[in-house]
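Letter 22 of the sequence shown, counting from 1, is numbered 557 in this note's numbering, and no numbers are missing.
Just so it is clear, CB atoms sit at the ideal spot from N, CA and C, and this is done for glycine as well.
All figures in this text were calculated on a predicted structure; none of them were measured in a lab.
Single-structure report; data block below.
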Amino acid sequence: MKKTNLTLTLFLILGLMTGLILTELLASVKGIGFLTNAAEIYWHPKADFQVLKYDINLTIRLNLLCIAGMVGAFLIYRKL
């Protein structure tokens, strides 16, 4: 398999989704709440150019399981 930026991006997205699924599955477990608590980052760019107007709301929620999934995906990518 050829290593490309698209392959790396795909692996990182899959690792992030794996972390999100684990977060949802383990959210009800009381002893590991520090793994499932998410930090939210907000970004609200907007502009009005009279011809073009945009307003984007972007929210990123990360927790330790998501980061662990991305690190695991990166390690698997390096093994290819």
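Membership of L587 in any beta strand (DSSP E) is not indicated, and neither H nor E is assigned to it by DSSP. The continuous stretches of beta strand (DSSP E) do not include A608, which lies in the alpha helix (DSSP H) extending over residues 599–614. Within the DSSP bridge table, the entry for A574 names L597 as partners.
Residue burial annotation: A574 is exposed, with fewer than 16 other C-beta atoms found within 10 angstroms of its C-beta.
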